[in-house]
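**Q** Under my numbering, think of the first position of the sequence shown as -1, with each following residue one higher.
The beta carbon of each residue, even a glycine, is placed where N, CA and C say it ideally should be.
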Amino acid sequence: MLVIGGGLAGLASAVALAEAGIEVRLVEKRPHLGGRATSYTLPDGVEVDNCQHVTLGCCTNLEDFYRRAGAAEKIRFYDRLYFVDRIGRRYTMEAWRWLPPPLHMAPSFVGFGALSLADKRSIARAMLAIARSGGQPPRVESASMLDWLHRMHQTPDAISRFWRVVLVSALDEELDRTDARYGIDVFWKAFLGSRGGYRVGIPSVPLADLYEGCRESIAGRGGRVGLRSGVREIRVRDGKFTGALLEDGSEVTADACVLAVPHTVVPGLLPKEMTEAGGALAGLRNIPTSPITGVHLWFDRPVMKEPFLTLLDHTTQWVFNKTLLYGESGGRGQYLQLVISASYDLVPRTRQEIIDLCRGELGEVLPASCEAQLEKATVVKEVAATFSPRPGIDQWRPPQKSAVANLYLAGDWTRTGWPSTMEGAVRSGYLAAEAVLTGFGRPRSFLQPDLPLEGFSKMWAKPVVSGVS
Ligand SMILES: Cc1cc2nc3c(=O)[nH]c(=O)nc-3n(C[C@H](O)[C@H](O)[C@H](O)COP(=O)(O)OP(=O)(O)OC[C@H]3O[C@@H](n4cnc5c(N)ncnc54)[C@H](O)[C@@H]3O)c2cc1C
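1. Put residue 466 into one of helix, strand or coil per three-state DSSP.
2. Just verifying my parser: in three-state terms, what is the DSSP assignment at residue 317?
3. Taking buried to mean at least 16 other C-beta atoms within 10 Å of its own C-beta, is residue 294 buried or exposed?
4. Identify every residue that forms a DSSP beta bridge with residue 238.
5. Look up residue 306 in the DSSP assignment and say whether it is helix, strand or coil.
6. Would you grab the beta carbon distance between residue 316 and residue 337 for me? Rounded to a whole angstrom, and I think it's under 8 Å.
7. Counting only runs that start and end within the segment 16 to 98, where is the alpha helix (DSSP H) found for 4 or more residues in a row?
8. Residue 234: beta carbon under 6 Å from a heavy atom of ligand 1?
9. Give the DSSP bridge partners of residue 222, in chain order.
10. Going by other Cβ atoms of all chains shown within 10 Å of its Cβ, with 16 needed for buried, is residue 248 buried or exposed?
11. Among 63, 219 and 362, which has the Cα closest to the Cα of residue 83?
12. Check whether the Cβ atoms of residue 340 and residue 170 sit closer than 7 Å, and answer yes or no.
13. With a Cβ-Cβ cutoff of 7 Å, do residue 100 and residue 190 count as a contact?
14. If residue 80 sits next to residue 308, beta carbons under 8 Å apart, how far is it from one beta carbon to the other, in whole angstroms?
15. Rounded to a whole number of angstroms, what is the C-alpha to C-alpha distance between residue 36 and residue 76?
16. Closer than 6 Å to a non-hydrogen atom of ligand 1 - does that hold for the CB of residue 4?
17. For the beta strand (DSSP E) that residue 381 lies in, which residues bound it at each end?
18. Closest to residue 410 by CA distance: which of 386, 254, 52 and 129 is it?
19. Tell me whether residue 184 counts as near ligand 1, meaning its Cβ is closer than 6 Å to at least one heavy atom of that ligand.
20. Examine ligand 3 and report whether any of its heavy atoms sits within less than 6 Å of the Cβ of residue 11.
21. Taking 6 Å as the cut-off, is the CB of residue 238 close to at least one heavy atom of ligand 1?
22. So, for residue 320: in the same chain, excluding its five sequence neighbours on each side, which residues have a beta-carbon less than 6 Å away from its beta-carbon?
23. Closer than 8 Å by C-beta to residue 448: which residues in its own chain qualify, once you throw out the five before and the five after it? Chain order, please.
24. Closest to residue 311 by CA distance: which of 185, 322 and 162 is it?
25. Mind checking whether the beta-carbon of residue 260 lies closer than 6 Å to any heavy atom of ligand 1?
26. Checking the sheet assignment: what are the DSSP bridge partners for residue 256?
27. In angstroms with no decimal places, state the Cα-to-Cα distance between residue 485 and residue 415.
28. I'd like the span of the alpha helix (DSSP H) that includes residue 415, first residue to last.
29. Should residue 115 go down as buried or exposed, given a rule of 16 or more other Cβ atoms within 10 Å for buried?
30. In the DSSP output, what is residue 250 paired with across the bridge?
31. Exposed or buried, residue 15, counting other C-beta atoms within 10 Å across all chains shown (16 or more means buried)?
32. Between the segment 217 to 228 and the segment 15 to 25, can you find at least three pairs of beta-carbon atoms closer than 8 Å?
33. State the Cα-Cα distance for the pair residue 459 and residue 433, rounded to the nearest angstrom.
34. When we look at the beta-carbon of residue 379 and count the other beta-carbons within 10 Å, is it buried (16 or more) or exposed?
35. Using the beta-carbon count (16 or more within 10 Å), is residue 215 buried or exposed?
36. Compute the Euclidean distance between the alpha carbons of residue 272 and residue 400, then round it to the nearest angstrom.
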């Protein structure tokens, strides 16, 4: 069995297949595993994440994957969310134990001082519409999230200081370019359906350290992982996968293949008739991408107390206190990582312009950073960080079972119902592994259920049964 691509989708399918007793050969172009969710060493020896990655309590498949990879204890979950506005005022949000979903966050929400009473009333109305419909309110089809929010009469501040704050980070896209179904799903799964869906999970180690167990799991079942092993071409003859040509000129044959590379790479590897007009995968060209910018700043002294902060009314969206998150004392200094999703405006700007912008904003929310010395800074622009969840995007996302009998697809861009996230990638890997095993006549399931619904959300999600049968 050949798996091409060592990102989360490829790793999840490889680990699942190995557990099912299949000998897997995984080939990865780069010198490390993890794809977009990885870390690497800078020339001065410091290891940095490609970008801070967070998971949520509702990401049940990612949690399962970390468990299989022996990395679950390296993810720490936080129950309290921290917000800060332009003048440095702090707010927190957390679930209340004795209130049933979807009301469990209501007390925090009522006390959230960054929104007026009118903003909160409009948000509560829209949230109730989501919860009472079991996450499927009417008039969502083909609408953008912004269209839907306008239909729900949301105030301008509710949109900019609440909906946009949550969704641009979660979906890496602006509200007018986001399919309403994706936006609504975030609130249903993370904030309304269950008590723990919103909890933020953050690795306490550099991302690449999470995947060591995958290598062992694959090797332990007779398989192997090849790094710096890029595939140049996938060979298909008479509607069957026959092998892959590697960049070093060698050829790999296998009974079946899971292709788990980014969707932008797929057309360069497969025969043209599959990916050009009329081909089964021609739609991949209609899936646009969106950027994320990560800014790494090393200060000579501590400037932040919280583990992480969400910024309101700023270009910078999140600040992560990496020193604290790694459980280090930090000596005398502090390492912060800032994240800006859907960072279209920053793509053309220089590294220094971005650092200056972020430092200016940090000064407003972390006054101690104004006095501190910036010892080092790195900017990572990921121009094609995720696929953009545009209205109607699902029609272009292919299933994991391809038109070629023994060729399977995995990747956050395949049809999972989830946006471009680690959870989506792992789901795709599990679905691809299930399809492979069904093809081999040894069906097995890996996909994990969503968190169980609780409280009123559970009641409302059930179809209304009338007394007449
Ligand atoms: C900056 C940034 C921040 C993000 N933040 C979050 C977050 O906080 N939470 C979250 O859930 N998600 C986040 N994401 C999204 C998440 O990283 C992705 O959805 C997920 O990692 C995608 O996994 P994948 O396996 O589908 O693809 P990839 O990770 O892209 O894996 C594909 C792999 O294929 C390899 N490959 C490519 N071409 C070849 C070839 N020819 N031969 C062999 N191998 C090849 C690549 O090197 C790569 O390792 C973020 C993404 C970025 C970029």
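**A** Result, derived from the coordinates:
1. Here residue 466 refers to the residue found at position 468 of the sequence shown. Confidence is the limiting factor: at residue 466 the pLDDT is only 38, short of 50, which leaves the residue's position unreliable and the question unanswerable from this model.
2. In the sequence shown, residue 317 corresponds to position 319, counting from 1. Looking at residue 317 - three-state DSSP - the assignment turns out to be strand.
3. Looking up residue 294 in the sequence shown gives position 296. Under this definition residue 294 is a buried residue.
4. Numbered from its first residue, the sequence shown carries residue 238 at position 240. Paired residues: 235.
5. Working through the sequence shown from its first residue, we reach residue 306 at position 308. It is a strand residue.
6. As a first step, residue 316 must be located in the sequence shown, where it is residue number 318. As a first step, residue 337 must be located in the sequence shown, where it is residue number 339. Between residue 337 and residue 316 the Cβ distance is about 4 Å, and since that is below 8 Å, they are a contact.
7. 58 to 66
8. For the purposes of this step, residue 234 is taken as residue 236 along the sequence shown, with counting starting at 1. No, the Cβ of residue 234 stays beyond 6 Å of every heavy atom of ligand 1.
9. On the sequence shown, position 224 is the one that residue 222 refers to. According to DSSP, which records beta bridges pairwise, residue 222 is partnered with 23.
10. Counting from 1 along the sequence shown, the entry for residue 248 is found at position 250. Per the 10 Å Cβ criterion, exposed.
11. Position 85 of the sequence shown, counting from 1, holds the residue named residue 83. The shortest C-alpha separation from residue 83 is found at 362.
12. To locate residue 340, count along the sequence shown from 1; it is residue 342. To locate residue 170, count along the sequence shown from 1; it is residue 172. Yes, the pair counts as a contact, with Cβ atoms nearer than the cut-off.
13. Here residue 100 refers to the residue found at position 102 when the sequence shown is read from its first residue. Here residue 190 refers to the residue found at position 192 when the sequence shown is read from its first residue. Yes; because the gap between Cβ atoms is below 7 Å, this pair is in contact.
14. If you number the sequence shown from 1, residue 80 lands on position 82. If you number the sequence shown from 1, residue 308 lands on position 310. About 7 Å; that satisfies the 8 Å criterion.
15. For the purposes of this step, residue 36 is identified with residue 38 of the sequence shown, where counting begins at 1. For the purposes of this step, residue 76 is identified with residue 78 of the sequence shown, where counting begins at 1. Each residue's alpha carbon lies about 21 Å from the other.
16. Counting from one through the sequence shown, the residue named residue 4 turns up at place 6. Flag set: Cβ of residue 4 near ligand 1.
17. To locate residue 381, count along the sequence shown from 1; it is residue 383. That run of the beta strand (DSSP E) goes 372 to 385.
18. Indexing the sequence shown from 1 puts residue 410 at position 412. It is 386 whose Cα lies nearest to the Cα of residue 410.
19. The residue labelled residue 184 in the question sits at position 186 within the sequence shown. Outside the cutoff, so no.
20. Inclusion of ligand 3 in the displayed structure is not the case, the ligand content consisting of ligand 1 alone.
21. By one-based count along the sequence shown, residue 238 stands at place 240. It does not: the Cβ of residue 238 is nowhere closer than 6 Å to a heavy atom of ligand 1.
22. Within the sequence shown, the letter at position 322 stands for residue 320. For residue 320, where only same-chain residues beyond five positions count, the Cβ hits under 6 Å are 333 and 335.
23. Taking the first residue of the sequence shown as 1, we reach residue 448 at position 450. Excluding positions up to five away in sequence, the list reads 56, 58, 187 and 191.
24. On the sequence shown, residue 311 is found 313 positions in, with the first residue counted as 1. With distances taken between Cα atoms, residue 311 lies closest to 162.
25. The residue labelled residue 260 in the question sits at position 262 within the sequence shown. Flag set: Cβ of residue 260 near ligand 1.
26. Residue mapping note: residue 256 aligns to position 258 of the sequence shown, counting from 1. Residue 256 pairs with 1 and 406.
27. Given that the chain is displayed from residue -1 to residue 467, the structure contains no residue 485 and the question cannot be resolved.
28. For the purposes of this step, residue 415 is taken as the residue at position 417 of the sequence shown. First-last for residue 415: undefined, no H or E at that position.
29. Position 117 of the sequence shown, counted from the first residue, corresponds to residue 115. So residue 115 ends up on the exposed side.
30. The sequence position of residue 250 within the sequence shown is 252, counting from 1. Beta-bridge pairing links residue 250 to 242.
31. Counting from 1 along the sequence shown, the entry for residue 15 is found at position 17. Looking at its Cβ environment, which holds 16 or more other Cβ atoms inside 10 Å, residue 15 is buried.
32. yes
33. Taking the sequence shown and counting its residues from 1, the one referred to as residue 459 is at position 461. Taking the sequence shown and counting its residues from 1, the one referred to as residue 433 is at position 435. Cα-Cα distance, rounded: 29 Å.
34. Translated into the one-based positions of the sequence shown, residue 379 becomes position 381. That one is buried.
35. In the sequence shown, the residue the question calls residue 215 occupies position 217. Per the 10 Å Cβ criterion, buried.
36. By 1-based counting over the sequence shown, the position of residue 272 is 274. By 1-based counting over the sequence shown, the position of residue 400 is 402. The straight-line gap from Cα to Cα measures roughly 10 Å.
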